[in-house]
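In what follows, a single structure is set out as structure tokens and then discussed.
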Amino acid sequence: MTLWLWYSTDTPREHPSIGAQELDEIESQLAPQTEKISVPLWTILKAPSVISLCLSYMFFGFIVWIFILWFPSYLVNARGFSLMQMGLVDMLPMGASFLGIVSGGVISDSLLKRGFDVRFARARFPGLAIGMSLPFLLSLAVSGYWAMPLELNPRLVGAISGVMNTSGNLAGIFGPMTAGAIVASTGSWTLPFYLVAVLGVFCSVIFLFFVTTDPIQISGLDEETPQEVVD
Numbered sequence: 004m005t006l007w008l009w010y011s012t013d014t015p016r017e018h019p020s021i022g023a024q025e026l027d028e029i030e031s032q033l034a035p036q037t038e039k040i041s042v043p044l045w046t047i048l049k050a051p052s053v054i055s056l057c058l059s060y061m062f063f064g065f066i067v068w069i070f071i072l073w074f075p076s077y078l079v080n081a082r083g084f085s086l087m088q089m090g091l092v093d094m095l096p097m098g099a100s101f102l103g104i105v106s107g108g109v110i111s112d113s114l115l116k117r118g119f120d121v122r123f124a125r126a127r128f129p130g131l132a133i134g135m136s137l138p139f140l141l142s143l144a145v146s147g148y149w150a151m152p153l154e155l156n157p158r159l160v161g162a163i164s165g166v167m168n169t170s171g172n173l174a175g176i177f178g179p180m181t182a183g184a185i186v187a188s189t190g191s192w193t194l195p196f197y198l199v200a201v202l203g204v205f206c207s208v209i210f211l212f213f214v215t216t217d218p219i220q221i222s223g224l225d226e227e228t229p230q231e232v233v234d
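Numbering (this note's numbering), first residue to last: 4 to 234.
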């Protein structure tokens with residue numbers, strides 16, 4: 004964190020290592036800002052595409068946080084791992100997730116370049132990836148989730164991604180709690196994994212069939228008159 008605070012800046016222009024050509028390329032892609040308008044949160048929340056996206060991400064977050072916060076306890080208490088062994092094994096899903104996130108984004112962009120439509124590259128491929136990656140604890144779908152807000156409305160990326168991320172983190176609160184409650188009430192350490200498998204199927208099906216890339220239309224945010232969105 005200290006290194007990040009020392010090296011990062013609020014804007015690319017403020018960074019001492021940025022070159023003129025790189026700065027021009029970055030700033031040329033920025034959307035012009037003119038009149039500020041207020042977009043009601045309810046407009047975003049009631050959009051079917053956002054509802055489906057949040058529901059899928061909620062299941063995804065439930066699963067991910069079980070493995071982040073509960074899986075170490077499982078290794079120690081159910082499998083008899085030492086703390087050192089637990090640390091070594093527990094880092095494998097995180098390492099696999101890193102590879103999955105990076106490769107998922109590369110594959111998604113490659114599909115677009117090869118002529119596949121946006122929905123297949125940004126929604127259906129990640130949906131398939133969830134189902135295929137469940138046995139391997141990979142995160143090929145993460146790039147799809149975080150690319151979707153841009154597809155739904157480029158000027159509402161912050162609001163849409165914030166709503167989506169909130170749904171995932173709320174589920175993350177209950178994921179480890181649910182796993183612990185199941186073990187405490189049944190004595191079975193395997194039942195939480197069956198729950199993860201079922202939720203993974205729901206997560207995959209929703210992303211694959213119900214999440215669309217149809218843009219969210221909001222009055223006052225049209226292509227001809229770009230605006231700066233405020234809450």
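The beta carbon of each residue, even a glycine, is placed where N, CA and C say it ideally should be.
### Query
So, S52 versus V208, is the Cβ gap smaller than 8 Å?
no
### Task
Measure the alpha-carbon distance for L153 versus G83 and round it to whole angstroms.
45 Å
### Query
Could you give the residue range of the alpha helix (DSSP H) that holds I66?
51-68
### Query
What separation, rounded to the nearest whole angstrom, lies between the Cα atoms of G22 and L33?
17 Å
### Query
Between the segment 112-128 and the segment 86-94, do at least 3 Cβ pairs fall closer than 8 Å?
no
### Query
Is there contact here, the segment 180-188 with the segment 11-27, by at least three beta-carbon pairs under 8 Å?
no
### Task
In angstroms with no decimal places, state the Cα-to-Cα distance between T189 and L131.
32 Å
### Message
Between G107, C57, A150, which has its C-alpha nearest L3's C-alpha?
### Response
Residue 3 lies beyond the stretch modelled for the chain, which goes from 4 to 234, so this question has no answer here.
### Proximity below 8 Å, CB of F65 to CB of G175
yes
### Query
How many whole angstroms separate the CB atoms of F62 and C206, which I take to be in contact at a CB cut-off of 8 Å?
4 Å
### Query
Can you give the Cα-Cα distance for D120 and I163, rounded to whole angstroms?
21 Å
### Message
Y60 and S170 - do their beta-carbons sit closer together than 8 Å?
### Response
yes
### Query
Between the C-alpha atoms of F212 and F128, what's the straight-line distance to the nearest angstrom?
11 Å
### Task
Please state if the CB of G178 and the CB of W68 are separated by a distance shorter than 8 Å.
yes
### Task
Tell me where the alpha helix (DSSP H) around T46 begins and ends.
44-48
### Message
To the nearest angstrom, how far is the alpha carbon of G165 from that of S191?
### Response
36 Å
### Message
Rounded to whole angstroms, what is the Cα-Cα separation between L91 and F74?
### Response
12 Å
### Task
Give the DSSP-derived three-state secondary structure of Q215 in the structure shown.
According to the sequence provided, residue 215 is Thr. The question's Gln does not apply to it. Looking at T215 - three-state DSSP - the assignment turns out to be coil, as it is neither helix nor strand.
### Query
Between which two residues does the alpha helix (DSSP H) carrying N156 extend?
Premise fails: N156 is in no alpha helix (DSSP H) and is neither H nor E.
### Message
Considering just the uninterrupted stretch of the alpha helix (DSSP H) at E28, what are its terminal residues?
### Response
23-31
### Message
Rounded to whole angstroms, what is the Cα-Cα separation between R158 and L44?
### Response
14 Å
#### Entry: Where F74 sits in the DSSP three-state scheme
helix
### Query
Under the three-state reduction of DSSP, which class applies to R82: helix, strand or coil?
coil
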